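**Q**
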Amino acid sequence: MTATDERTGSGPPSVPRTGTERRRLPPVPRTGVERRRLPLVLRNRAFGAVWLGQVLTQAAVRMFQVGVSWWLVAYAVGAGRGLASGLFMAVSTLPAVALAPVVARVVARCARRSVLRTAAATAGTAVAGLALWASGSAAPPVAAYAATLVLASCQAFFDPCLTTSVPELVDDEDIEAATGFELSTQSLASLGGALLGALVVDAAGVPGLAAGCATAYLAAALLVTTVRFRPAAAQDVEDGAQAAGGKPRGLRDVLAGLPVIRGILVCFTAANLFTTAVFVVIPLYTKSELGDGGSTVALLEAALGAGTLLGSVTGARVPGRPTRLGACLLGLMAAAFAVAGLVAGRLVLAGCLVVAGWCVGVIGVRFVALFQRLVPPADKPGFFAVMQAVLGASFPVASLLFGLLGDHFPARTLCLVQAAGLVPAAITLALLRAPGTDGRKPHPSDEPHPSVPSPESEATGGER
């Protein structure tokens, strides 16, 4: 076991450190080179437990969103189901935007484990209450809206807190691998939650859906409770705050000091206005264009999640400057949505969603890893809360807008609108300066040489 393993708490347990310690035996290959080849979630047990907790929480919230959205379209609402589904998705994303300042302060001041555990336990308790209510009588749509508001509020604390906690769980050389695993959580959640959400509603209704979500959230809370976070990262944040003058910077100051990153976030916020609308379009497309049931919704949502998972796994190996690569990926997503709008069919739409999901996964890995390196440690709690709020700000608008449009236009037309809206965002992103040209020292992973493997691939190539 290396010194790194002792510091992170990963690897096999060592001799107790109290009393007389036995002399360590010479290292064997399994604790050396072979051990480094294991996936990060296996050789770092603390990160693995927290990562699994995030898989459970995001799978639960995604399952709830997909299931209730399909319940509204197929069972609960007749006329105006597009607006009902869009309003539900808007409510489910509003807390990430509204609570951003509170989240930043809580994540910066409170113990990471306490924040993660409290968020998961609160969400599990709330959705368990919905399960008990719905099992006794038919739950009205307003109860589902209230439950998703609580779940989204808890997730608004959980996700940025985990992102900020990555340096407290892994070493610097594992940041890309940890980021890839963390972002793949969203893909796994979309895949598992989408597969189960609509199917569970068709089979067991809202009570079964709520019970499954409660189980996942409470299990996540138990997992986080077993983890001990490394306090060194907290000291790094304090040192960074002292170097900055001893005063924590406000959220506007965080973005003001990062002009290129601010431009990138603005571009992706505009793009999200059209990409996130897919969660409203999928049930409407299934009901109106295909005339199918929950199994088709599960297939389409799973296709999107599988593509995103594939992008998260392969994203670090895709070469190119971040801004140019992001622009190309947005253009590819626009083409995928255009094909879905021009050619109707279950398998056609599923294939287009795989391509769009892959683009999202690659963008997430490359840009979040870039942000982890460029953002000062003292600013990370505020920055990642702002990032979640900025990127999520367009989600409620997109949900309401495309929900309203879905009551007046065919779902295939909505796909064409998505494709057209992504083109200006791609062009703007391509025209931005590459990170590092604004006075910051660029990291080698930002601009990989075409003839040399990127640092990200060297860091993550053998760990998944």
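Number 149 in numbering that gives the first Met the number 0 belongs to position 150 of the sequence shown; there are no gaps in the numbering.
Cβ coordinates follow ideal geometry from the N, Cα and C atoms, glycine included.
Predicted model, so just to flag it, every value in this text is computed and none were measured.
#1: Output the boundary residues of the alpha helix (DSSP H) element that contains residue 303.
#2: To the nearest angstrom, report how far apart residue 296 and residue 222 are at their CA atoms.
#3: By DSSP, does residue 408 sit in helix, in strand, or in coil?
#4: Do the CB positions of residue 160 and residue 115 come within less than 8 angstroms of each other?
#5: Taking only runs that begin and end inside the segment 351 to 415, name each unbroken alpha helix (DSSP H) of 4 or more residues, in chain order.
#6: What's the gap between the Cα of residue 320 and the Cα of residue 43?
#7: Please say whether residue 431 and residue 262 have beta carbons closer to each other than 8 angstroms?
#8: With a Cβ-Cβ cutoff of 8 angstroms, do residue 390 and residue 349 count as a contact?
#9: Decide if residue 110 is buried, meaning its Cβ has at least 16 other Cβ atoms within 10 Å, or exposed.
#10: Can you give the beta carbon distance from residue 79 to residue 283, rounded, assuming they're within the 8 angstroms contact cut?
#11: Throw me the rounded Cβ distance for the residue 352 and residue 293 pair, which I believe falls under 8 angstroms.
#12: Quick one, which of 278, 347, 359 has its alpha-carbon nearest residue 317's?
#13: From residue 334 to residue 411, what does the alpha carbon distance come to, in whole angstroms?
#14: My output table needs one value for residue 136: the three-state DSSP class, helix, strand or coil.
#15: My understanding is that residue 119 touches residue 47, with C-beta atoms under 8 angstroms, so please give their C-beta distance in whole angstroms.
#16: Using 10 angstroms around the beta-carbon of residue 172, count the other beta-carbons present and answer buried if the total reaches 16, otherwise exposed.
#17: Buried or exposed: residue 61, going by 16 or more other Cβ atoms within 10 Å of its Cβ?
#18: Suppose contacts are defined by Cβ-Cβ distances below 8 angstroms. Is residue 464 in contact with residue 229 by that definition?
#19: Taking Cβ positions, are residue 275 and residue 394 nearer each other than 8 angstroms?
#20: For the alpha helix (DSSP H) that contains residue 258, what are its first and last residues?
#21: In whole angstroms, give me the CA-to-CA distance for residue 332 and residue 269.
#22: Below 8 angstroms between beta carbons: does that hold for residue 343 and residue 215?
#23: Reducing DSSP to helix, strand and coil, say where residue 29 ends up.
#24: Give me the Cα-Cα distance between residue 205 and residue 84, rounded to the nearest whole angstrom.
#25: Confirm, please, whether the CB-CB distance from residue 151 to residue 225 is below 8 angstroms.
#26: Looking at the structure shown, is residue 108 part of a helix, part of a strand, or coil, going by DSSP?
#27: Between the beta-carbon of residue 325 and the beta-carbon of residue 403, is there less than 8 angstroms?
#28: Can you list, in chain order, the residues of its chain whose CB lies under 6 angstroms from that of residue 234, leaving out five sequence neighbours each side?
#29: Measuring straight from C-alpha to C-alpha, what distance separates residue 364 and residue 179?
#30: Name the residue from 361, 303, 147, 272 whose alpha carbon lies nearest to the alpha carbon of residue 213.
#31: Under the rule that 16 or more other beta-carbon atoms within 10 Å means buried, what is residue 29, buried or exposed?
#32: In chain order, what residues of the same chain lie with their CB nearer than 6 angstroms to the CB of residue 418, ignoring the 5 residues before and after it?
#33: Buried or exposed: residue 113, going by 16 or more other Cβ atoms within 10 Å of its Cβ?
#34: Going by beta carbon distance, what residues of the same chain come within less than 7 angstroms of residue 201, once the five residues before and after it are set aside?
#35: Looking at C-alpha atoms only, which residue of 122, 420, 132, 312 is the closest neighbour of residue 56?
#36: Residue 146 by DSSP, collapsed to three states: which one?
**A** Taking the geometry as given:
#1: Run containing residue 303: 293 to 313, per the alpha helix (DSSP H) assignment.
#2: Their Cα atoms are separated by approximately 31 angstroms.
#3: coil
#4: yes
#5: 379 to 391, 393 to 405
#6: 31 angstroms
#7: Remark: C-beta atoms of residue 262 and residue 431 approach each other more closely than 8 angstroms.
#8: Cβ distance not < 8 angstroms, so residue 390 and residue 349 don't count as in contact.
#9: exposed
#10: So it is not a contact: roughly 12 angstroms between Cβ atoms.
#11: Between residue 293 and residue 352 the Cβ distance is about 17 angstroms, and since that is not below 8 angstroms, they are no contact.
#12: 359
#13: Roughly 14 angstroms separates the two Cα atoms.
#14: coil
#15: Contact between residue 119 and residue 47 fails: their C-beta atoms lie close to 16 angstroms from each other, not under 8 angstroms.
#16: exposed
#17: Burial of residue 61 is indicated by the presence of at least 16 other C-beta atoms within 10 angstroms of its C-beta.
#18: For the chain, the structure presents residues 0 to 463; residue 464 sits outside this window and is missing.
#19: yes
#20: Residues 258 to 274.
#21: 14 angstroms
#22: no
#23: Because residue 29 carries a pLDDT of 48, less than 50, the predicted location of this residue cannot be relied on, and the following value inherits that uncertainty. Here residue 29 sits in helix by DSSP.
#24: Distance between the alpha carbons of residue 205 and residue 84: 15 angstroms.
#25: For residue 225 and residue 151, no; Cβs fall outside 8 angstroms.
#26: helix
#27: no
#28: A caution first: residue 234 carries a pLDDT of 44, below 50, which makes its placement in the model too unreliable to give a value.
#29: Taking the Cα positions, residue 364 is about 6 angstroms away from residue 179.
#30: In this structure, 147 is the residue among 361, 303, 147, 272 with its C-alpha nearest to the C-alpha of residue 213.
#31: Legend: pLDDT at residue 29 = 48, less than 50; position of this residue unreliable, no value from coordinates given.
#32: 333, 336, 337
#33: So residue 113 ends up on the exposed side.
#34: 292, 293
#35: 122
#36: helix
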